[in-house]
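Visitor: Protein chains in written order, with the working numbering: chain A, 1020 to 1260; chain R, 7 to 774.
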Amino acid sequence: MKFGVLVFPGSNCDHDAYHVISKHVGQPVDFVWHRETDLSGYDAVIVPGGFSYGDYLRCGALAKFSPVMGAVKDFAAAGKYVFGICNGFQILCEAGMLPGALIRNRGLHFICKHVRLRVENDRTPFTSELDSGDVLSIPIAHAEGNYVCDDDTFHRLEENGQIVFRYCDEVGEITEEANPNGARSNIAGICNENGNVLGMMPHPERACEEMLGSNDGREIFRSLTKAIAAASGQWPVVSGQ
Amino acid sequence: MTAITPEIVAQHNLTPEEYERVLEIMGREPSMTELGIFSVMWSEHCSYKSSRIHLRRLPTTGERVIVPPGENAGVVDIGDDWCVAFKVESHNHPSFIEPFQGAATGVGGILRDVFTMGARPIAAMNSLRFGPLTAESEPGAAATGSRKQQIYKRNKAILRGCVDGIAHYGNCFGVPTIGGEVVFDESYSLNPLVNAFALGIVRKDQIFFGKAEGIGNPVLYVGAKTGRDGIHGATMASAEFDDEALEKRPTVQVGDPFLEKLLLEACLEAMRSGAIAGIQDMGAAGLTSSSVEMAARAGTGLELDLSLVPQRETGMTAYEMMLSESQERMLIVAKDGREKEVVDVFKKWDLDAVVIGKVVEGHRLKVFHNGVLEADIPVDTVTDAAPRYERPMKAPERANGPNVEGANDSIANRKSQIANSNAALLKLLASPNICSKHWVYEQYDTMVRTNTAILPGADAAVMRVKETRRAISMCLDGNGRYAAVDPREGAKLIVAEAARNNVCTGARPIAVTNCLNFPSPERPEIMWSFSEVIDGMSEACRAFDTPVISGNVSFYNETDGKGILPTPTIGMVGLIEDVRKLVTQGFKDEGDMIALLGVTNDDLSVSEYAQTIAGFSTDELIAHGEVPKIDLDLEVKVQKACRALADRQLLKSAHDCSDGGLAIAIAESCFSSLNRDAIGSMIDLSNPQTLSDAAILFGESPSRIVISFAPDKLEWVKDVVGDCPFELIGTVGGERLSISIDGNGTIDQSVSDLEKAWTNALEKRLER
Chain A
1020 MKFGVLVFPG
1030 SNCDHDAYHV
1040 ISKHVGQPVD
1050 FVWHRETDLS
1060 GYDAVIVPGG
1070 FSYGDYLRCG
1080 ALAKFSPVMG
1090 AVKDFAAAGK
1100 YVFGICNGFQ
1110 ILCEAGMLPG
1120 ALIRNRGLHF
1130 ICKHVRLRVE
1140 NDRTPFTSEL
1150 DSGDVLSIPI
1160 AHAEGNYVCD
1170 DDTFHRLEEN
1180 GQIVFRYCDE
1190 VGEITEEANP
1200 NGARSNIAGI
1210 CNENGNVLGM
1220 MPHPERACEE
1230 MLGSNDGREI
1240 FRSLTKAIAA
1250 ASGQWPVVSG
1260 Q
Chain R
7 MTAITPEIVA
17 QHNLTPEEYE
27 RVLEIMGREP
37 SMTELGIFSV
47 MWSEHCSYKS
57 SRIHLRRLPT
67 TGERVIVPPG
77 ENAGVVDIGD
87 DWCVAFKVES
97 HNHPSFIEPF
107 QGAATGVGGI
117 LRDVFTMGAR
127 PIAAMNSLRF
137 GPLTAESEPG
147 AAATGSRKQQ
157 IYKRNKAILR
167 GCVDGIAHYG
177 NCFGVPTIGG
187 EVVFDESYSL
197 NPLVNAFALG
207 IVRKDQIFFG
217 KAEGIGNPVL
227 YVGAKTGRDG
237 IHGATMASAE
247 FDDEALEKRP
257 TVQVGDPFLE
267 KLLLEACLEA
277 MRSGAIAGIQ
287 DMGAAGLTSS
297 SVEMAARAGT
307 GLELDLSLVP
317 QRETGMTAYE
327 MMLSESQERM
337 LIVAKDGREK
347 EVVDVFKKWD
357 LDAVVIGKVV
367 EGHRLKVFHN
377 GVLEADIPVD
387 TVTDAAPRYE
397 RPMKAPERAN
407 GPNVEGANDS
417 IANRKSQIAN
427 SNAALLKLLA
437 SPNICSKHWV
447 YEQYDTMVRT
457 NTAILPGADA
467 AVMRVKETRR
477 AISMCLDGNG
487 RYAAVDPREG
497 AKLIVAEAAR
507 NNVCTGARPI
517 AVTNCLNFPS
527 PERPEIMWSF
537 SEVIDGMSEA
547 CRAFDTPVIS
557 GNVSFYNETD
567 GKGILPTPTI
577 GMVGLIEDVR
587 KLVTQGFKDE
597 GDMIALLGVT
607 NDDLSVSEYA
617 QTIAGFSTDE
627 LIAHGEVPKI
637 DLDLEVKVQK
647 ACRALADRQL
657 LKSAHDCSDG
667 GLAIAIAESC
677 FSSLNRDAIG
687 SMIDLSNPQT
697 LSDAAILFGE
707 SPSRIVISFA
717 PDKLEWVKDV
727 VGDCPFELIG
737 TVGGERLSIS
747 IDGNGTIDQS
757 VSDLEKAWTN
767 ALEKRLER
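1. Of all Cβ atoms in chain R, is any one closer than 8 Å to the Cβ of A:K1132?
2. For R:D483, collect the residues of the same chain with a Cβ closer than 6 Å to its Cβ; drop the 5 residues on either side in sequence, then sort them by chain order.
3. Is the CB-CB distance between R:G236 and R:S330 below 8 Å?
4. Quick one: what's got a C-beta closer than 7 Å to R:D775's C-beta in the same chain, skipping five residues either side?
5. Does the segment 283-300 of chain R come into contact with the segment 346-361 of chain R, if we say contact requires no fewer than three beta-carbon pairs (one atom in each stretch) closer than 8 Å?
6. Is there a Cβ of chain R sitting closer than 8 Å to that of A:H1329, yes or no?
7. Going by the DSSP bridge assignment, what does R:N558 pair with across the sheet?
8. Any contact of the segment 1207-1217 of chain A with the segment 1166-1185 of chain A, i.e. 3+ C-beta pairs under 8 Å?
9. Go through its chain and collect everything with a Cβ distance to A:F1129's Cβ below 8 Å, but skip five positions before and after it.
10. Anyone know if the C-beta pair for R:E35 and R:I14 falls short of 8 Å?
11. Indicate whether at least one CB of chain R lies closer than 8 Å to the CB of A:F1240.
12. Between which two residues does the beta strand (DSSP E) holding R:F190 run?
13. How many angstroms separate the CA atom of R:S714 from the CA atom of A:G1069?
14. By DSSP's criteria, R:D784 is part of a beta bridge. Which residues make up the other side?
15. Taking R:V260 as the reference, give the member of R:P105, R:L20, R:G368 and R:Y194 with the closest Cα.
16. Within the segment 573-636 of chain R, note down every full beta strand (DSSP E) run reaching 3 residues or more, in order along the chain.
17. Hey, is A:S1116's beta-carbon within less than 8 Å of any beta-carbon in chain R?
18. Whole angstroms are fine: how far does the CA of R:G68 sit from the CA of A:Q1260?
19. Using 8 Å as the Cβ pair cut-off and three pairs as the minimum, do the segment 197-211 of chain R and the segment 119-126 of chain R touch?
20. Using DSSP with H/G/I as helix, E/B as strand and the rest coil, what is R:R487?
21. State yes or no: is the C-beta of R:S4 within less than 8 Å of the C-beta of R:S675?
22. Determine, using beta carbons only, whether A:A1160 comes closer than 8 Å to chain B.
23. Would you tell me roughly how many angstroms separate the C-alpha atoms of R:L603 and A:L1058, rounded to the nearest one?
24. Counting only C-beta atoms, is A:G1023 closer than 8 Å to chain R at any point?
25. Work out the CA separation of R:V188 and A:I1157 for me, nearest whole Å.
26. Are there three or more Cβ pairs, one per stretch, closer than 8 Å when the segment 529-537 of chain R is compared with the segment 38-46 of chain R?
27. Going straight from the alpha carbon of R:A391 to that of R:S57, what length do you get?
28. The alpha helix (DSSP H) with R:S297 in it runs from where to where?
29. Closer than 9 Å between beta carbons: that is the criterion. Which residues of the segment 344-374 of chain R meet it against chain A?
30. Is R:P263 near R:Y158, with beta carbons less than 8 Å apart?
31. So is A:L1231 in contact with chain R if we call contact Cβ pairs under 8 Å?
32. On the premise that R:L743 lies in contact with R:M599, defined as a C-beta separation below 8 Å, what is that separation, rounded to the nearest angstrom?
33. Can you pull the chain A neighbours of R:Q449, defined as C-beta to C-beta under 8 Å?
34. Of the choices R:A513, R:C547, R:V644 and R:D595, whose alpha-carbon is the least far from that of R:P65?
35. Using a beta-carbon distance below 8 Å, is R:F264 in contact with chain A?
36. Going by CA-CA distance only, name the one from A:E1228, A:R1137 and A:A1202 that's closest to A:G1126.
This is the structure we're talking about:
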């Protein structure tokens, strides 16, 4: 089992994802430079947070032209796992791998704080170790996390169970106050129809240690690890803490 | 060639005497390019000509000091072969002219100073000072559209712009901005202070220096292309402002954090290759100061061909290129024959890297452009023979304190009119300097790189160091009012508070960086207070064994002839040997005991209370007030006790008692934090000195820490504390904060009401 963490010019959560996979998930992991076009050695690819290409033009709008993205599309089409976090989610939307778009936060400011998320679908490869209705504490850090999509897309997302996480309050209620950025229907994370591509604005890689305030993010990585193992028939040897 | 007239000399901010010196050194009339080089190198900003003779008195050595002041950033040893490099620097002038870009490039500059040393930045902080956002003490005094209202509006715009700029740069670059301070005072109206701090970690054997070593080694220009932006920025930062300040906007540079991120990664990668002999950031005075300083440090000379410099504008002259302050550029001296390795790394990151010259023997900087020798300057004399002024000093009249007695009376009189401590507490919690600053720090990415063990809002921020079991604590502290009233004692108080803030997290303070913000040094009173600050700071840094390893002086913080308060800012860094032992400020469990380390005296005179509740203006406080007395021996004792308790893991919480005094400190410990609900406390304070209620609750006596611990640990705690003043003052529990003095109730309020007032106060002011 092997993870790849993409590195675009301007990625800055690449090290954090790498750290979590190697230290806390306990699996082999490589950095993958954005000019790479061969992903055949990997079972899952993480598109990390940051400011790829400085977020110039539009978040993710330039990164989608990086050579690696063609390979990422083929990788996903082959049923392998692609996990976009924050800027990674924006890139996957821009690349057309996930529906909808992420626009400027309602309050126009960058927001960095711990928020609560409710698990909306526990049958995805990214949430199998969680239960629908579980409330996770995971931080956000973005200026463009306001998820938008047209009505048709929204209904399709709902019908297919593609809405994976929603912003909620402490007890799991989906409220307007608990929505930090104005996202449609409090959407914090969605997956594609096949369920093998997930994008989310919150940063689970920042929530894998008690010392950092939460380790609720671990279950997401643990679910993914299990899914890879099941798909490939190889069971993970967990060597992390 | 342009003839150098006295007008041209004056435009370059050189005095006639300084120009005489230039003529003497050159032995001829300088070219315009040479004059430009002298002008920026001898600007206050680059030469420290007014401050140098005083700065020498600061303690700069110690066991842990690896790189003392003089390099791009200081470096100290944190053990296990790891070091931290850090520095604080002002960007006050640009932030007034253009808040967003001014603050952003301040962050960019300090980050470059740190990664130039080979250190990867892991934390940034900012000390910000602004004028008031709203009328506080004089309701109705400022009608809409009045001059005052316009100033409030401007102050708000400056605050928003600076915060936006810092967020823009730090977030995109990928460094967590984890702390600092936001302070409001009339004296910073139209004179904002933006002091940016950065800290990086580096292996002891991988530190890089800004030295042009090795005759024949190639000199490379790397990073962004050169434009005409920022020409004479350093000179601009060495003069006061007047009505035409905004016309200086073109001297402010525009930052590109994305490029800086690429530059960081490329520099660190190139450093790892072993092909780099020396490297320096092109900050203030750009290509000029980087080349002159690198050559001067190594005792070599440089030959540069400006025709080879990557340019983003056409027709630039040698003068413009030497003085441009375009951001995100570095000068690298590569090892001879290995320049291609460096170029390849920068190419990978899509950055320019071009050989523009070489290191030569002799001590001259020779600058060619289109085949013409445009400048030929002896580098050692530009730096060594830079003017150094022993500017006249004079203590202001009030130093004798003829008014102090009367002032205490009047403070006492106004004090007596305030009967209700409950109302005073609520008002203080919502006052600009005490209220929560989450509106500011939530706009910063505080967590990227996943090291932040204590988030902003605490006494000091704490970053774990992944490579070790250690953690680094850090804080920025300044105080203009204290320094204005008594610069020497004020400086001691500031250093003491900074050390205490670190100690409250369980850390041992290890080193200091300072940023000295003052008005014009040409005024004898200012120079006197500068000198006093240096002496006070030196004494305190010696007491805490925290050498000053880097820093910056910013003079001429004046607009329309009105100066800021002398404002020394201290960046203090501490070391926690075992990250599991860190301590936070919030009360934890029902039934825990609360105690005060230290002693409360009558220290209301220059306090938040005197200003917010008694209604004194800053000018009145300065004219009549007295700073709290600080006993450094007692301070050391209190800090040692707190650290010893933390080390034995006896503490549930520790919180510094500072702005707003004991009642504010206790209230803040009651407030909620991540994963921790708010909790109340019942406090009973003794009053052996028969002080007023206000002095006990809101006085700002230094050397005090509020701690809490499990009741079964009491005897052990007492034992560890030893002869440090220690008083049990209450217990944690309930939903209310109630405080009595000698059994008489004085404060009783719901914690959630207090927290609400404290949390929303800044947004409310911004919306008004």
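We put the CB at the ideal spot given by N, CA and C, even for glycine. If you're wondering where the values come from, they're calculated on a predicted model, not measured in any experiment.
Guide: According to the structure data:
1. The residue labelled residue 1132 of chain A in the question sits at position 113 within the first sequence. It does; some Cβ of chain R falls within 8 Å.
2. Taking the second sequence and counting its residues from 1, the one referred to as residue 483 of chain R is at position 477. So the list reads I500, E503, A504 and I576, once near-sequence residues are dropped.
3. Position 230 of the second sequence, counting from 1, holds the residue named residue 236 of chain R. Position 324 of the second sequence, counting from 1, holds the residue named residue 330 of chain R. In contact: R:G236 and R:S330 (Cβ atoms closer than 8 Å).
4. Residue 775 of chain R cannot be examined here, being either before or after the span of chain R that is shown, 7 to 774.
5. no
6. With chain A running from 1020 to 1260 in the structure shown, residue 1329 of chain A is simply not present.
7. Position 552 of the second sequence holds residue 558 of chain R. Per DSSP, R:C521.
8. yes
9. Start at 1 with the first residue of the first sequence, and residue 1129 of chain A comes out as number 110. Taken in chain order, the residues that qualify are A1160, H1161 and A1162.
10. Here residue 35 of chain R is taken as the residue at index 29 of the second sequence, counted from 1. Here residue 14 of chain R is taken as the residue at index 8 of the second sequence, counted from 1. Taking 8 Å as the Cβ cut-off, R:E35 and R:I14 do not qualify as a contacting pair.
11. As a position in the first sequence, residue 1240 of chain A is number 221, starting the count at 1. Not closer than 8 Å to any Cβ of chain R, the Cβ of A:F1240 fails to qualify, so no.
12. Here residue 190 of chain R refers to the residue found at position 184 of the second sequence. It spans T183 to F190 - the beta strand (DSSP E) in which R:F190 sits, taken as one unbroken run.
13. Counting from one through the second sequence, the residue named residue 714 of chain R turns up at place 708. Counting from one through the first sequence, the residue named residue 1069 of chain A turns up at place 50. R:S714 and A:G1069: Cα-Cα distance of roughly 40 Å.
14. The structure shown does not extend to residue 784 of chain R, since chain R is modelled only from 7 to 774, so the question has no answer here.
15. As a working note, residue 260 of chain R is residue 254 in the second sequence. Per the Cα distances, R:P105.
16. 573-582 and 599-603
17. Taking the first residue of the first sequence as position 1, residue 1116 of chain A is located at position 97. In the sequence as presented, Ser is not what sits at residue 1116 of chain A; that position holds Met. It does not: the Cβ of A:M1116 has no partner Cβ on chain R nearer than 8 Å.
18. Position 241 of the first sequence, counted from the start, is the residue given in the question as residue 1260 of chain A. Position 62 of the second sequence, counted from the start, is the residue given in the question as residue 68 of chain R. Its pLDDT being 41, under 50, A:Q1260 is placed unreliably by the model, and the measurement read from it follows with that caveat. Going by the C-alpha atoms only, they are around 38 Å apart.
19. yes
20. Indexing the second sequence from 1 puts residue 487 of chain R at position 481. Three-state DSSP puts R:R487 in a helix.
21. In the structure as shown, chain R begins at 7 and stops at 774. Residue 4 of chain R is therefore absent and cannot be evaluated.
22. As a matter of chain content, chain B is missing from the structure shown, whose protein chains are A and R.
23. Indexing the second sequence from 1 puts residue 603 of chain R at position 597. Indexing the first sequence from 1 puts residue 1058 of chain A at position 39. Distance between the alpha carbons of R:L603 and A:L1058: 60 Å.
24. On the first sequence, residue 1023 of chain A is found 4 positions in, with the first residue counted as 1. Taking Cβ atoms only, chain R never reaches closer than 8 Å to A:G1023, which makes this a no.
25. Taking the first residue of the first sequence as position 1, residue 1157 of chain A is located at position 138. Taking the first residue of the second sequence as position 1, residue 188 of chain R is located at position 182. So the two alpha carbons sit approximately 27 Å from each other.
26. no
27. On the second sequence, residue 391 of chain R is found 385 positions in, with the first residue counted as 1. On the second sequence, residue 57 of chain R is found 51 positions in, with the first residue counted as 1. Approximately 15 Å, taken between the alpha carbons.
28. Against the second sequence, residue 297 of chain R aligns to sequence position 291. Its alpha helix (DSSP H) spans residues G292 to A304.
29. K354, W355 and D356
30. Counting from one through the second sequence, the residue named residue 263 of chain R turns up at place 257. Counting from one through the second sequence, the residue named residue 158 of chain R turns up at place 152. Against a cut-off of 8 Å, the Cβ pair of R:Y158 and R:P263 comes out as no contact.
31. For the purposes of this step, residue 1231 of chain A is taken as residue 212 along the first sequence, with counting starting at 1. Output row for A:L1231: interface = yes.
32. For this step, residue 599 of chain R is matched to residue 593 along the second sequence. For this step, residue 743 of chain R is matched to residue 737 along the second sequence. With a Cβ gap of about 16 Å, R:M599 and R:L743 do not count as contacting.
33. Against the second sequence, residue 449 of chain R aligns to sequence position 443. Correct list: H1128, F1129, I1130 and C1131.
34. On the second sequence, position 59 is the one that residue 65 of chain R refers to. When only C-alpha atoms are compared, the closest one is R:C547.
35. Here residue 264 of chain R corresponds to residue number 258 of the second sequence, with the count starting at 1. Chain A, which has a Cβ nearer than 8 Å to the Cβ of R:F264, makes this yes.
36. Against the first sequence, residue 1126 of chain A aligns to sequence position 107. When each option's Cα is compared against that of A:G1126, the closest is A:A1202.
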